Every structure is written in C-alpha cells, then in structure tokens.
Amino acid sequence: MPATRTFDFETADDGAIVARHGDVTLRTAFQPVFRFQNGRLSPVACEALLRVMRGTTPVLTDAWFSSLDMPEFRQIEPELRRLHIRNARHLPPGQQRLFLNFDPRIPESGSGFDAILRELGSELRDAGISPADVVCEITEAHTDRTEILTHLSYELRARGFLIAVDDFGAHASRLGRVTALAPDIVKFDGNLVQRLLATRAGFGTLATLVARFRDDGIHSVLEGLEALWQVGLAEKADAAMVQGYVLAAPRLAGPDLPAWLGQYHVPRHSTNVQLAKRYN
34 MPATRTFDFE
44 TADDGAIVAR
54 HGDVTLRTAF
64 QPVFRFQNGR
74 LSPVACEALL
84 RVMRGTTPVL
94 TDAWFSSLDM
104 PEFRQIEPEL
114 RRLHIRNARH
124 LPPGQQRLFL
134 NFDPRIPESG
144 SGFDAILREL
154 GSELRDAGIS
164 PADVVCEITE
174 AHTDRTEILT
184 HLSYELRARG
194 FLIAVDDFGA
204 HASRLGRVTA
214 LAPDIVKFDG
224 NLVQRLLATR
234 AGFGTLATLV
244 ARFRDDGIHS
254 VLEGLEALWQ
264 VGLAEKADAA
274 MVQGYVLAAP
284 RLAGPDLPAW
294 LGQYHVPRHS
304 TNVQLAKRYN
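Remember, the working numbering sits 33 above the position in the sequence shown when you count from 1.
1) Note down, one range per segment and in chain order, each beta strand (DSSP E) of at least 3 residues found wholly within the segment 39-122.
2) With three or more beta-carbon pairs closer than 8 Å as the criterion, would you say the segment 48-63 touches the segment 281-289?
3) Mapping DSSP to helix, strand and coil, what is I251?
4) If we count the other Cβ atoms within 10 Å of its Cβ and call it buried at 16 or more, is N134 buried or exposed?
5) Would you mind listing the alpha helix (DSSP H) stretches within the segment 266-301 that are 4+ residues and don't spill past its ends, in chain order?
6) Starting from L182, trace the beta strand (DSSP E) both ways and give me its first and last residue.
7) Among the candidates V211, I196, F246, Q263, whose CA atom is the shortest distance from the CA of L229?
8) Within the same chain, show all residues whose beta-carbon is closer than 7 Å to that of R138, passing over the 5 residues directly before and after it, in chain order.
9) Between Q227 and the rest of its own chain, which residues show a CB-CB distance below 7 Å, the 5 nearest in sequence each way excluded?
10) Using 8 Å for Cβ pairs, my map puts R122 next to A78. What's the rounded Cβ distance?
11) Return the chain-ordered list of same chain residues with a C-beta closer than 8 Å to the C-beta of S163, the five sequence neighbours on each side being excluded.
12) From the DSSP output, in three-state form, read off L131 for me.
13) Taking buried to mean at least 16 other C-beta atoms within 10 Å of its own C-beta, is P126 buried or exposed?
14) Does M103 pass the burial test, meaning 16 or more other C-beta atoms within 10 Å, or should it be called exposed?
15) Are G209 and L225 touching if we call contact CB-CB under 8 Å?
16) Touching or not, the segment 86-94 and the segment 111-122, by the rule of three or more beta carbon pairs under 8 Å?
17) Using three-state DSSP, classify K310 as helix, strand or coil.
18) Within its chain, find whatever has a CB closer than 6 Å to the CB of D136; leave out the 5 residues flanking it on each side and keep chain order.
19) Measure the alpha-carbon distance for F42 versus Y187 and round it to whole angstroms.
20) Report the partner residues of A197 according to the DSSP bridge assignment.
21) In whole angstroms, give me the CA-to-CA distance for V211 and D46.
22) If you draw a straight line from the C-alpha of L131 to the C-alpha of R178, how long is it?
23) How many Å lie between A52 and F40 at the Cα?
24) Would you mind sorting G223 into buried or exposed? The rule is 16 or more other CB atoms within 10 Å of its CB.
25) Just confirm the distance between the C-beta atoms of A197 and V219, as a whole number of angstroms; I'd bet it's less than 8 Å.
26) Under 6 Å Cβ to Cβ from R84, same chain only, skipping five residues before and after it: list those, please.
27) Do A213 and L182 have their C-beta atoms closer together than 8 Å?
28) Considering only residues of the same chain and omitting the five flanking positions on each side of L280, which have a CB-CB separation below 6 Å?
29) Confirm, please, whether the CB-CB distance from V254 to A273 is below 8 Å.
30) If you follow the alpha helix (DSSP H) that G202 is in, where does it begin and where does it stop?
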C-alpha cells in the first residue's frame, strides 16, 4: 500500500525541487563528506539536509519537527527522502552518493515499512542511483524496541544499502545501538567531537573509539569540524572521513551544485598535521 502523500512537489525558480506542506516550504541542502586519501581530502558523498522556510523566514528544522505529532511525522518522514533523492539529480554524474536519514521509530509494522522501502527503491531507480551509493543514517531518536533496530538493519542491508549510526554520543546513539545495528559507518556527533578534541584526554578517548570501531570493520566520520587544527587531529585519530563547516557549509540544491563541489580541491594538509602535534 503506497504511503500517504503529504507534500506538493514543485520546481522552484532556481531549478530545485521543493515541497509545500501547510504554511512551510521544504528544501534540500547538501553538505559534502570528505575522506582522507593519500595526504589529501576528497569529497566522497553528500549528506542530504532539510531546510524549512515559512515565507522568507528560515525555521529551525528541529523546532519544526517538534511541532508535528507522531502520526504526522510518520507520514512526512519517508517523503523527505523522496525530496532529497529528486534533488540529487543536481549532483555531478558519478558523484550521486548520499547520506539519508532514517528515524528508527518508523518501521513499527513490517507491511508499512516494506511499502516505504519499495517506494524508496523506485525513487532511486528513477534517479539512476544505486542502493550501494546510499548510506542510511539511523538517527539518534529513542526506541525501546531493540528488535525494531535489528529488523531495520536487516531490511536495509538486504536491499543493498549501507548503514550508519548518526550522531553517535547524542541521545540514544550509544554503543548499544552500534551493537544492535552492526553498521558500516559511525558518525560522531559534532558536539561530542568538539568536546573530545578540546583536551588531550578527550582526544585519547576519541582515538580509542575510532580504533575500536575500525577493528570491528566500521568506518568513523567525525562531524562538526570548525577549525583546521581539528581536521589534523581527526587524521591523527585515524578517522576515515570528516565533515564540517571548516571544509564545506551545506548548500541548497540547484543546478550550480557541480561547480560548487568542483571547487573543493583541498590542498595537502601538512600544516594541519603539524597542528595535530598539539597532543604529542
């Protein structure tokens, strides 16, 4: 049974797909995720982020989500991925690799969740995106039902998707969730990263966690980086990938995305590595 349609999709003047819902307009922004590779940082994927506008006034995304009751949120949540996938057509050919959010409270009934995944697969086929190029970020929302997490992980992996624990260290994204999901990637919460990188002891804790996950075959992404010295410490901690405003701020979807991404010829960061000696 198809999901209930709650959005009116349309093409904006700048060529992006936007969604109208009540008195708000919903847009997609993309933020690159960078990988350390041969002494350089290379963008390897983009996280799809929601931007909410009421008229010409920006609305905090978390505040807007908080205004929705759970039945309305359950209807909207799959539609947000449709919005992001349709905007991924603006990403450069061959670079349509996406991080997409999944709320762990959604798959409460097997049949309903199966329908959501069928529609997700259809949207991706229409966009020419392989499930192997999609990382499903399981958000930090709380659920008491560990079996739901296991079911979610199984169903996504069976369809060829990669799985990430989002915002590790925040709310319900803890070690127990990593165990339940057995993810491919753990994305460390930006606030946690900021705190840990601020002290020698914190850096040691971060490096230990990254090593633990690596030993389990899990790649780590450090989010929320705001200074170049943090990039150096992220490399020193052996994180596989990094993300943050110091590298690239989110950009609204539109036809200028290929040129925007093309400018990120990040120079060798030997200077950053020197700064990483802060905790030697």
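Note that CB positions come from ideal geometry on N, CA and C, so glycine has one too.
All values derive from a computational prediction rather than experimental measurement.
Per the coordinate set shown:
1) 41-44, 50-54, 57-70, 73-87, 90-92
2) yes
3) Residue 251 sits at position 218 when you count from the first residue of the sequence shown. Coil, per DSSP.
4) What you label residue 134 is simply residue 101 of the sequence shown in a count that begins at 1. Buried, since its Cβ has 16 or more Cβ neighbours within 10 Å.
5) 290-295
6) Stepping through the sequence shown from its first residue, residue 182 is reached at position 149. Not the beta strand (DSSP E): L182 falls in the alpha helix (DSSP H), residues 179-191.
7) By 1-based counting over the sequence shown, the position of residue 229 is 196. Ranked by Cα distance from L229, the first of V211, I196, F246, Q263 is Q263.
8) Position 105 of the sequence shown holds residue 138. Excluding positions up to five away in sequence, the list reads A174, T176.
9) As a first step, residue 227 must be located in the sequence shown, where it is residue number 194. G257.
10) Numbered from 1 along the sequence shown, position 89 holds the residue referred to as residue 122. Numbered from 1 along the sequence shown, position 45 holds the residue referred to as residue 78. Contact flag wrong, Cβ pair sits at about 16 Å.
11) As a working mapping, residue 163 is identified with position 130 in the sequence shown. Hits under 8 Å: L157, G193.
12) Working through the sequence shown from its first residue, we reach residue 131 at position 98. Assigned with DSSP and collapsed to three states, L131 falls in strand.
13) Sequence index remark: in the sequence shown, residue 126 carries index 93 (1-based). Classification of P126: exposed, given that the 10 Å Cβ count is below 16.
14) Position 70 of the sequence shown, counting from 1, holds the residue named residue 103. So M103 counts as exposed.
15) Position 176 of the sequence shown holds residue 209. Position 192 of the sequence shown holds residue 225. One thing to note: G209 has its Cβ no nearer than 8 Å to the Cβ of L225.
16) By the Cβ criterion, the segment 86-94 is not in contact with the segment 111-122, since fewer than three pairs of Cβ atoms, one from each stretch, lie closer than 8 Å.
17) The sequence position of residue 310 within the sequence shown is 277, counting from 1. Residue placement at K310 is poorly supported in this model, since its pLDDT is 48, which falls under 50; the coordinates still yield a value, given next. In the structure shown, K310 adopts helical secondary structure according to DSSP, grouped into three states.
18) The residue labelled residue 136 in the question sits at position 103 within the sequence shown. E110, T172, A174, listed in sequence order.
19) Stepping through the sequence shown from its first residue, residue 42 is reached at position 9. Stepping through the sequence shown from its first residue, residue 187 is reached at position 154. C-alpha separation (whole angstroms): 31 Å.
20) Taking the first residue of the sequence shown as 1, we reach residue 197 at position 164. A197 is bridged to E170, I218.
21) By one-based count along the sequence shown, residue 211 stands at place 178. By one-based count along the sequence shown, residue 46 stands at place 13. Cα to Cα, V211 sits roughly 42 Å from D46.
22) As a first step, residue 131 is located in the sequence shown; it is residue number 98 there, counting from the start. As a first step, residue 178 is located in the sequence shown; it is residue number 145 there, counting from the start. Annotation: L131 to R178 spans about 27 Å, alpha carbon to alpha carbon.
23) Working through the sequence shown from its first residue, we reach residue 52 at position 19. Working through the sequence shown from its first residue, we reach residue 40 at position 7. Cα to Cα, the separation comes out at about 6 Å.
24) On the sequence shown, position 190 is the one that residue 223 refers to. Buried is the call here.
25) Here the question's residue 197 lines up with position 164 in the sequence shown. Here the question's residue 219 lines up with position 186 in the sequence shown. Yes, A197 and V219 are in contact; Cβ-Cβ is about 7 Å, under 8 Å.
26) Sequence index remark: in the sequence shown, residue 84 carries index 51 (1-based). Cβ within range, chain order: R60, A62.
27) On the sequence shown, position 180 is the one that residue 213 refers to. On the sequence shown, position 149 is the one that residue 182 refers to. Cβ distance < 8 Å, so A213 and L182 count as in contact.
28) Your numbering for residue 280 matches position 247 in the sequence shown. Around L280: F67.
29) Here residue 273 is taken as the residue at index 240 of the sequence shown, counted from 1. Here residue 254 is taken as the residue at index 221 of the sequence shown, counted from 1. It is a contact, given that the beta carbons lie within the stated cut-off.
30) On the sequence shown, residue 202 is found 169 positions in, with the first residue counted as 1. First-last for G202: undefined, no H or E at that position.
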